[in-house]
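The structure under discussion appears below in the form of structure tokens.
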Amino acid sequence: MRLTSIHPGGTIESVQRKTRFTLDAAPDLRETIPPNSEELRLLREVVDPLGVRKLELLSGAARKAHLRDILAQEARYASS
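Residue numbers -4 to 75, in the numbering used here, belong to the letters of the sequence shown in order.
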């Protein structure tokens, strides 16, 4: 797999440490372009309106509370 961009502040070494296979860095490796406002809106409102991806960053009580919020939102969507 070839690494073609890296997030601001990231390094090839940090990406490689978190990857369980060898990465080939592209000769023209560049910084990842952040999403624009429309792309962010689509991610938040269309792709993941319930915030499921946020669960990846939470643990313990915060994760449990967010999961309850997601289930409550799903129940509201199902009843409407």
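Quick reminder that beta carbons are idealized off the backbone N, C-alpha and C, glycines included.
My assumption, with CB atoms under 8 Å, is that residue i sits in contact with residue j. Please give the rounded CB distance.
| i | j | result |
| --- | --- | --- |
| residue 9 | residue 27 | That pair is no contact at about 13 Å. |
| residue 23 | residue -3 | Residue 23 to residue -3, Cβ: 11 Å. No contact. |
| residue 65 | residue 45 | 5 Å |
| residue 50 | residue 58 | 6 Å |
Report yes if the CB atom of residue i is closer than 9 Å to the CB atom of residue j, and no otherwise.
| i | j | result |
| --- | --- | --- |
| residue 38 | residue 29 | no |
Query - Complete beta strand (DSSP E) runs within the segment 13 to 54 (minimum length 3 residues, chain order) - result: As far as the segment 13 to 54 is concerned, its whole beta strand (DSSP E) runs of at least 3 residues are 19 to 26.
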